[in-house]
Amino acid sequence: MPTAPDGFPDPAEDVAVGAAGASVDPVGVPMGVLIGGSPGPVEGAGPGGRGPDRRVAARLLRFGSGTCQVVLPEWRPAIAVSVPTEQLQRSTGLGPEELRSALLSVVINPEAVHDRELGLRDWQAELPAARGRRRGRRPIR
């Protein structure tokens, strides 16, 4: 590949050099990264090749008057998903203070690439047992 006087490839050159030194048309080279669901083959794929939905833990990150932020560690541990506060309270039957301490779970599409594709549904909550009572958690709905 021709180089400019500064030692870098000539920007006027339209052809890139491939690994073997052959010319490569950059238009035909795929760019970017595809973010997929789970690595490996999907077991029990349903209609359309989509795998079955799965219940996962949800960790409440921020409780707001209109929107809550939750993290689904089994889906994307570094992405917060917005959930309407009213929906979360209605689905679990819990008030703001109870939600803050509850252990949440939700059914999702684990192969979702974007949070809009998660299809969040069937929220469930467990409250930690009160002190002095039996060990474990009391299921709520």
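Counting in the working numbering, the sequence shown runs from 11 upward without gaps. Just so it is clear, CB atoms sit at the ideal spot from N, CA and C, and this is done for glycine as well. None of these values were measured; they are calculated from a predicted model.
Identity of the residues DSSP links to S111 by a beta bridge: Paired residue(s): none; S111 is not in a bridge.
- prompt: In the DSSP assignment, what are the bridge partners of R65?
  reply: V117
Simplified DSSP assignment, three categories, for P83: coil
query: Whose C-beta lies closer than 8 angstroms to the C-beta of G105 among residues of the same chain, with five residues either side of it excluded?
result: Q99
message: Using a Cβ-Cβ cutoff of less than 7 angstroms, which residues in the same chain neighbour P87 once the five nearest sequence positions on both sides are dropped?
response: V81
task: Compare the C-alpha of A135 against each of L113, A90 and S92 and name the closest.
output: L113
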